[in-house]
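Residue numbers (my numbering): 76 to 282.
Quick reminder that beta carbons are idealized off the backbone N, C-alpha and C, glycines included.
Notes follow the structure.
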């Protein structure tokens with residue numbers, strides 16, 4: 076087992092729990108749909124959190140696969156993934172804790188918990204940025220990762236996520252959510268276009 080495989084068996088498990096919490100939350104809300112007003116803000120928030128979780132999986136491959144084994148990296152991974160878990164667990168309400176006759180409005184839930192969700196997502200990403208910044212200061216090879224496109228992307232993500240978390244104006248919060256979600260999904264579409272342009276992948280052959 077390589078150092079990355081050992082690290083990712085731990086880091087990936089924690090991220091996987093975040094995915095399970097997010098999907099489980101949606102499933103529980105769907106199960107109680109007779110007493111849930113869905114709206115559109117919490118579903119959009121869930122799409123944003125899910126897309127950023129996928130981005131974290133990608134970042135683990137890009138940035139950690141050459142890392143040596145070190146307990147400090149396990150601690151860093153624990154803190155990052157645990158922060159994301161909090162965001163995922165709060166995205167949807169705990170419908171079973173609300174009482175069987177209580178009506179649940181997901182838009183109200185969004186406004187009550189958006190600071191926690193956006194704040195945790197921003198904090199988890201900020202920890203990765205800080206780690207990459209320290210690596211860039213120590214090694215010019217890591218500095219090459221900080222391209223103008225990456226810097227612009229980090230600025231868009233950080234400003235919009237912080238605005239969605241802390242802005243007092245509801246229209247501004249909704250606008251920030253739409254912008255950061257559009258940016259995140261655009262990156263996914265761009266990655267898919269690159270995959271298609273490269274010829275996707277060939278079927279596995281052989282025994």
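Integer Cβ distance of residue i from residue j, believed to fall under 8 Å
| i | j | result |
| --- | --- | --- |
| residue 124 | residue 163 | 6 Å |
| residue 131 | residue 90 | 6 Å |
| residue 207 | residue 113 | Not quite, the Cβ-Cβ distance comes to about 37 Å (not below 8 Å), so this is no contact. |
| residue 134 | residue 196 | About 13 Å separates the two Cβ atoms, so there is no contact after all. |
| residue 152 | residue 86 | 4 Å |
N-terminal and C-terminal residue of the alpha helix (DSSP H) that residue i is part of
| i | result |
| --- | --- |
| residue 232 | 223 to 241 |
| residue 263 | 245 to 272 |
| residue 117 | 116 to 139 |
| residue 214 | That residue, residue 214, is in no alpha helix (DSSP H); it is neither H nor E in DSSP. |
| residue 107 | No alpha helix (DSSP H) holds residue 107; DSSP gives it neither H nor E. |
| residue 161 | 146 to 166 |
Residue i to residue j span [Cα, whole Å]
| i | j | result |
| --- | --- | --- |
| residue 239 | residue 231 | 12 Å |
| residue 110 | residue 184 | 14 Å |
| residue 169 | residue 100 | 7 Å |
| residue 237 | residue 253 | 13 Å |
| residue 92 | residue 167 | 15 Å |
| residue 285 | residue 122 | Coverage of the chain is limited to positions 76 through 282, which leaves residue 285 absent and any answer about it impossible. |
| residue 221 | residue 198 | 19 Å |
| residue 257 | residue 246 | 16 Å |
| residue 194 | residue 270 | 32 Å |
| residue 77 | residue 201 | 27 Å |
| residue 102 | residue 118 | 12 Å |
| residue 251 | residue 235 | 5 Å |
| residue 212 | residue 94 | 33 Å |
| residue 115 | residue 249 | 11 Å |
| residue 165 | residue 188 | 7 Å |
| residue 150 | residue 136 | 18 Å |
| residue 260 | residue 233 | 16 Å |
| residue 180 | residue 148 | 40 Å |
| residue 255 | residue 241 | 15 Å |
| residue 105 | residue 98 | 10 Å |
| residue 210 | residue 266 | 25 Å |
Exposed unless 16 or more other CB atoms sit within 10 angstroms - verdict on residue i
| i | result |
| --- | --- |
| residue 96 | buried |
| residue 81 | exposed |
| residue 264 | exposed |
| residue 177 | exposed |
| residue 159 | buried |
| residue 216 | exposed |
| residue 218 | exposed |
| residue 227 | exposed |
| residue 127 | buried |
| residue 277 | exposed |
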